[in-house]
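Novice: Here the protein sequences line up with chains A and B, keeping their order. Residue numbers for the first sequence follow our numbering, so the first one is 1 and each next one is one higher. Residue numbers for the second sequence follow our numbering, so the first one is 250 and each next one is one higher. No residue lacks a Cβ here, since even glycine has one placed at the ideal position from N, Cα and C. Can you read through this structure? Questions will come right after.
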Amino acid sequence: MPRVALFVPCYIDQFYPDVAWATLEVLERHGVRAKVPEMPTCCGQPMANTGCVNEARPLAEQFVEVLGRFDHVVCPSGSCTAMVRQHYEHLLHGRTDYVALRNKTWELTEYLLDVLRIDPPRSPFPYRVGLHQSCHGLRELRLGSSSETVGPRFSKAQKLLESMQGIQLVKLTRPDECCGFGGTFAVQEEAISCRMGLDRIHDHEQAGTEVLTANDMSCLMHLDGLLRRDRRPIRVLHIAQILAGRTPN
Amino acid sequence: MTESLPIIDHPAAAARFVDDGARTGWHDQALWFVRVKRDRQAHGLPEWEALREQAAAIKSHTISRLADYLEQFEREATRRGAVVHWARDAEQHNAIVLEILRRHGARKVAKSKSMLTEECHLNPFLQRHGIEVVDTDLGEWIVQLRNEPPSHIVLPAIHIKKEEVGELFHRVLGTEAGATDPKYLVEAARTRLREVFLAADAGITGVNFGVAESGGIVVCTNEGNADLGVSLGKLHIACMGIEKLIPRCGDLGVFLRLLGRSATGQPITSYSSHFHGPIRDGELHIVLLDNGRSEILASDDFRRALHCIRCGACMNTCPVYRRSGGHSYGATVPGPIGSILNPARDAEKYSTLPFACSLCASCSDVCPVGINLHEQLLIWRERIAARGILSGTKRLAMKFASHLLRRPALFAFAGALARWGLRHLPRFAFYHALNPWGRQRELPIPPRRSFRQEYRKRHERQPPRG
Chain A
1 MPRVALFVPC
11 YIDQFYPDVA
21 WATLEVLERH
31 GVRAKVPEMP
41 TCCGQPMANT
51 GCVNEARPLA
61 EQFVEVLGRF
71 DHVVCPSGSC
81 TAMVRQHYEH
91 LLHGRTDYVA
101 LRNKTWELTE
111 YLLDVLRIDP
121 PRSPFPYRVG
131 LHQSCHGLRE
141 LRLGSSSETV
151 GPRFSKAQKL
161 LESMQGIQLV
171 KLTRPDECCG
181 FGGTFAVQEE
191 AISCRMGLDR
201 IHDHEQAGTE
211 VLTANDMSCL
221 MHLDGLLRRD
231 RRPIRVLHIA
241 QILAGRTPN
Chain B
250 MTESLPIIDH
260 PAAAARFVDD
270 GARTGWHDQA
280 LWFVRVKRDR
290 QAHGLPEWEA
300 LREQAAAIKS
310 HTISRLADYL
320 EQFEREATRR
330 GAVVHWARDA
340 EQHNAIVLEI
350 LRRHGARKVA
360 KSKSMLTEEC
370 HLNPFLQRHG
380 IEVVDTDLGE
390 WIVQLRNEPP
400 SHIVLPAIHI
410 KKEEVGELFH
420 RVLGTEAGAT
430 DPKYLVEAAR
440 TRLREVFLAA
450 DAGITGVNFG
460 VAESGGIVVC
470 TNEGNADLGV
480 SLGKLHIACM
490 GIEKLIPRCG
500 DLGVFLRLLG
510 RSATGQPITS
520 YSSHFHGPIR
530 DGELHIVLLD
540 NGRSEILASD
550 DFRRALHCIR
560 CGACMNTCPV
570 YRRSGGHSYG
580 ATVPGPIGSI
590 LNPARDAEKY
600 STLPFACSLC
610 ASCSDVCPVG
620 INLHEQLLIW
630 RERIAARGIL
640 SGTKRLAMKF
650 ASHLLRRPAL
660 FAFAGALARW
670 GLRHLPRFAF
680 YHALNPWGRQ
690 RELPIPPRRS
700 FRQEYRKRHE
710 RQPPRG
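What follows is the structure, encoded as C-alpha cells:
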C-alpha cells in the first residue's frame, strides 16, 4: 500500500474544510487512505509570488522535509501543486530530496486519471456546469490544452466530469481566461482583479452555468465573493466536491 | 537613457481606466478580437508549435554570438552601400539621426512606425531642432495628432474610438463633423499623408529583421507607408535595435510566418519590404542601437526577452492589459514584455509593472518566439523585493504571513480568531477602506472549525486503521 499524504492548502484548511473532506472521500472511494500531516500549512506561494523568496523558502523546506517521507503527495489545487513542481527548484536549488518529491506530487485530477487510472465516474450530477480552467493547472501543469497552444485538445477536469449522469458542460466564449484572483494581485490590483472576475461571471451567465467549478478553490473564492456580493444565483463547488457527490445547497 | 520619476503607479492608473466600465469592455473586446484572429491563424498551421520552437532556437543562437553577427551585418550592409552607425544609448541615437538629416539639409521627415524611435523619444528631439516629423502609420499618426504616446506597439491607437478619430480629423483635416465611417476617414488621412510623402526630404523607418549574411533589412507594414516614405526621397534612415538580427535570409520564412499571425491574425503582413543598400543616387543609413540591450543580454534570467519581435501578441492576450489600457504602464512598450523590459531600464520607476499581472501565463503560451514571460515577471518581483523597493506594507505582510504559516499551532490560532471575528464582529470590522478584498467582494463564509481541527477530533475519536 503506498503511503499517500493529502496536502491541504492554508485557505482550504481555514475556509473550505469540505473541499479537503471531499478529496479524502474521493481518494478513499478509489482505495487510497490519505493522511493529512499537521505541517506544512502552506506551500509558500503567496510569499514567492510577491517576490519574497526568503519568506517562502522555509515553507518549501518544511514541505520537502515532511511530505518527502510519503510515496505520493496529492493536492486539491493546481496552483499549489505548480508551486511545488515548477517553482521550488528556484528556492531549493536542486536538493536531492526535492527532486524526488517533485516527481511524486500530484494535483487531484491528474492523480485520479494518471496514477490511479480510474474510470471517469458515472454518478449523477444533473446540473449545467461551467468549468473554470485555473491558469496554473492549465499552463504550468498542463492539466489541459490551453487555447493559445496548437495540438490535441484535452482537459483532465472535463474528462472526469463529462460522463457524470445528467451533467451539461456549458460552452464559454473564452474557455480559459484568467479569473483575476492571482494571489496578492487580488488586493494589489483590486480594480482589475474584480473586473476580470466579473467578466468571467458574465461569460458563465450567458452560457447558463448553474454550478461553477474548478481545480482551484482560490479562483472560486474570488468568484464566489463577487457572486455573493451581487446575490447572483450561480453556485461554486470545487471539482472534488462534485466528484464526492455534493450538490449545490 | 536617463528616465525620470515619478514612479509609475499601475494600480491607480488601471483603476481610473476600469472606472469607465463600458469603455473598458469595448477595449477588452477590441483586443480579444485580435487574439481570436490570431488563434484562427495559429490553429490553421499544424506545425505552429514547431515553428515557435524553431524561432526561439534561431533567436537564442543569434544572441549567443550577437557581436559576431553584428559585425557580419555591418560588413555586408556596408558592402551593399549602406552606412552603419552604432549608438550606445538614445541620446547618441538621436544625435546621429539629427546629424545625418542636417548634413542633407532635410527639414521634413516621413517616419514609418518604429517603437525604437518612440523608445528614444526621437520625434520631440527632432522637433526641438527644427525638423518636422510626421508619423505615417495611420494609428501612429492619430496618436501623434493627439499629442500622446502609442498605447500598443502594433496598434498604437487601439484605445481610441472611431467617433474620436472623426472629431480629431474634423478639427485637423476639416472632414465632416460627426463622421465615423472608417472608409471616409481613412481616405481623408490618405490624401493628407500623400502630401507628406511628396514633401518629405527623408524617410525614417524601424527595422523588423536585419539579416547578417546579406546585410539587408526587412520592414513589415500593412499600409505600405514605409515604402512610400523611403522611396520618394533620397535619404533613408533605418533605426534598429541590436537584437533584431537573424543570421540568414532563409530564417526569414520562420519569422514572417509567425509575425503577421501573432500580431494581427494575418498570414503575413501586407508589405514585407526588403532593403539591400540605398536606392540609386540615394543614401541608406542604418543606426544600430544598444540602449540597455547588452545588459539584458548579460543576464541569464532575462536574456530570452531579447527574442522579442514586437508582435504585441502578449498584449492582446493579457487580461490585465486589455482592461487597464497601454497608457497605464507609463512606458513605450506596455503589457507583459514591457513589464520585463522597462524595469531593466529603471527598476524603481517601473517597480509596479511586474506586479500588474495575475501570473496566468497566457503571454508565455502565445509568444511566438518562446519568451518565458510570466517566469521573468516573477523573477522581476524577486529582484524588486531584494532591492528593498517593495512597498513597506507588502514586505511586512509577507514576513508576518511566513512567520505564521511556519508554525501550525500559531496559524491555527490566528485562523480561529479570524473565523470567530468574521462570525461575531459587526460587518464594518472587516469591510472598510483598508481591506481592498471587501470593496466589491464578500469574504468566505467562515466554518466553525478548520479542516485540521475537525480532522484531529475525528482521529482522536477513531484512530486511523492501517
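(1) Please report the residue range of the alpha helix (DSSP H) in which residue 717/B lies.
(2) Would you call the CB atoms of residue 129/A and residue 92/A closer than 8 Å?
(3) If you check the beta carbons only, do residue 137/A and residue 218/A fall under 8 Å apart?
(4) Once DSSP output is grouped into helix, strand and coil, what is the label at residue 194/A?
(5) Flag this pair as yes or no: are the beta carbons of residue 262/B and residue 573/B separated by less than 8 Å?
(6) Compare the C-beta of residue 85/A with all C-beta atoms of chain B and state if any pair is closer than 8 Å.
(7) With contact counted as at least three CB pairs below 8 Å, one residue from each stretch, are the segment 281-294 of chain B and the segment 512-529 of chain B in contact?
(8) Under 8 Å, with one C-beta from each stretch per pair, do the segment 179-196 of chain A and the segment 603-612 of chain B reach the 3-pair mark?
(9) Identify the contact partners of residue 564/B in chain A, using a Cβ-Cβ distance below 7 Å as the criterion.
(10) If you drop the 5 nearest sequence neighbours on each side, which residues of the same chain put their C-beta closer than 6 Å to that of residue 140/A?
(11) How many angstroms separate the CA atom of residue 559/B from the CA atom of residue 386/B?
(12) Go ahead and pull the three-state DSSP assignment for residue 696/B.
(13) Where DSSP assigns a beta bridge to residue 75/A, which residues make up the other side?
(14) Please specify which runs of the alpha helix (DSSP H), each continuous and at least 4 residues long, are wholly inside the segment 398-437 of chain B, giving them in chain order.
(15) Shortest alpha-carbon distance to residue 502/B belongs to which of 536/B, 352/B and 521/B?
(16) Quick one: grab the DSSP three-state call for residue 520/B.
(17) Using a Cβ cut-off of 7 Å, which residues of the segment 134-152 of chain A contact any Cβ in chain B, in chain order?
(18) Taking the alpha helix (DSSP H) that residue 324/B belongs to, which residues open and close that run?
(19) So the beta strand (DSSP E) residue 47/A belongs to, where does it begin and stop?
(20) Would a check of beta-carbon distances place residue 681/B closer than 8 Å to chain A?
(21) Locate the beta strand (DSSP E) running through residue 131/A, then write down its first and last residues.
(22) Nearest to residue 122/A by alpha carbon, out of 248/A, 242/A and 174/A?
(23) Label residue 642/B either buried or exposed according to how many other C-beta atoms from any shown protein chain fall within 10 Å of its C-beta, with 16 as the threshold for buried.
(24) Would you mind telling me which residues of chain B sit closer than 9 Å to residue 119/A, beta carbon to beta carbon, in chain order?
(25) Do three or more CB pairs link the segment 9-24 of chain A to the segment 212-229 of chain A at distances below 8 Å?
(26) What whole-angstrom Cβ distance do residue 74/A and residue 143/A have, given they're in contact under 8 Å?
(27) Tell me residue 381/B's beta-bridge partners as DSSP assigns them.
(28) In the DSSP assignment, what are the bridge partners of residue 689/B?
(29) Who are residue 124/A's beta bridge partners in DSSP?
(30) What did DSSP end up calling residue 488/B once you bin it into helix, strand or coil?
(31) Classify residue 342/B as buried or exposed, calling it buried when 16 or more other Cβ atoms lie within 10 Å of its own Cβ.
(32) Is the CB-CB distance between residue 565/B and residue 580/B below 8 Å?
(33) Compare the Cα-Cα distances from residue 38/A to each of 654/B, 677/B, 668/B and 552/B and report the closest residue.
Specialist: On the basis of the coordinates in this document:
(1) Residue 717/B lies beyond the range of chain B shown here (250 to 715); nothing can be said about it.
(2) Taking the first residue of the first sequence as 1, we reach residue 129/A at position 129. Taking the first residue of the first sequence as 1, we reach residue 92/A at position 92. No. Outside cutoff.
(3) As a working note, residue 137/A is residue 137 in the first sequence. As a working note, residue 218/A is residue 218 in the first sequence. No, Cβ-Cβ distance for residue 137/A and residue 218/A is not below 8 Å.
(4) As a first step, residue 194/A is located in the first sequence; it is residue number 194 there, counting from the start. Helix.
(5) Along the second sequence, one-based indexing puts residue 262/B at 13. Along the second sequence, one-based indexing puts residue 573/B at 324. Contact flag set, yes.
(6) For the purposes of this step, residue 85/A is taken as residue 85 along the first sequence, with counting starting at 1. No, residue 85/A does not count as interfacial toward chain B.
(7) yes
(8) yes
(9) On the second sequence, position 315 is the one that residue 564/B refers to. Neighbours of residue 564/B on chain A: none; closest Cβ ~14 Å, over 7 Å.
(10) Within the first sequence, numbered from 1, the residue matching residue 140/A stands at position 140. Around residue 140/A: 82 and 86.
(11) Counting from 1 along the second sequence, the entry for residue 559/B is found at position 310. Counting from 1 along the second sequence, the entry for residue 386/B is found at position 137. Cα to Cα, residue 559/B sits roughly 16 Å from residue 386/B.
(12) Stepping through the second sequence from its first residue, residue 696/B is reached at position 447. If DSSP states are grouped into helix, strand and coil, residue 696/B belongs with coil.
(13) Translated into positions along the first sequence, residue 75/A becomes position 75. Its beta-bridge partners are 107/A.
(14) 411-422
(15) In the second sequence, residue 502/B corresponds to position 253, counting from 1. Looking at the Cα atoms, 521/B is the closest of the given residues.
(16) Against the second sequence, residue 520/B aligns to sequence position 271. Of the three classes helix, strand and coil, the one that applies to residue 520/B here is strand, per DSSP.
(17) 135, 139, 140, 146, 147, 148, 149, 150 and 151
(18) Locating residue 324/B in the second sequence gives position 75, counting from the first residue. Looking at the DSSP string, the run of the alpha helix (DSSP H) that includes residue 324/B is 315-328.
(19) Within the first sequence, numbered from 1, the residue matching residue 47/A stands at position 47. That residue, residue 47/A, is in no beta strand (DSSP E); its alpha helix (DSSP H) goes 45-48.
(20) Looking up residue 681/B in the second sequence gives position 432. No, residue 681/B does not count as interfacial toward chain A.
(21) Counted from its first residue, the first sequence places residue 131/A at position 131. Where residue 131/A is concerned, the enclosing beta strand (DSSP E) stretches over 128-132.
(22) Stepping through the first sequence from its first residue, residue 122/A is reached at position 122. Measuring from the Cα of residue 122/A, the nearest candidate turns out to be 242/A.
(23) Position 393 of the second sequence, counting from 1, holds the residue named residue 642/B. Result: exposed.
(24) Your numbering for residue 119/A matches position 119 in the first sequence. What residue 119/A touches in chain B: nothing, since even the nearest Cβ is about 25 Å away.
(25) yes
(26) Locating residue 74/A in the first sequence gives position 74, where the first residue counts as 1. Locating residue 143/A in the first sequence gives position 143, where the first residue counts as 1. Contact doesn't hold; Cβ gap of about 14 Å is too wide.
(27) The count along the second sequence starts at 1 and reaches residue 381/B at position 132. 357/B.
(28) As a position in the second sequence, residue 689/B is number 440, starting the count at 1. Answer is none; residue 689/B lacks a bridge partner.
(29) Within the first sequence, the letter at position 124 stands for residue 124/A. Answer is 165/A, bridged to residue 124/A.
(30) Position 239 of the second sequence holds residue 488/B. Strand at residue 488/B.
(31) Reading the second sequence from its first residue, position 93 is the one you call residue 342/B. Label assigned to residue 342/B: buried.
(32) Working through the second sequence from its first residue, we reach residue 565/B at position 316. Working through the second sequence from its first residue, we reach residue 580/B at position 331. For residue 565/B and residue 580/B, no; Cβs fall outside 8 Å.
(33) Here the question's residue 38/A lines up with position 38 in the first sequence. Out of 654/B, 677/B, 668/B and 552/B, 654/B has the C-alpha closest to the C-alpha of residue 38/A.
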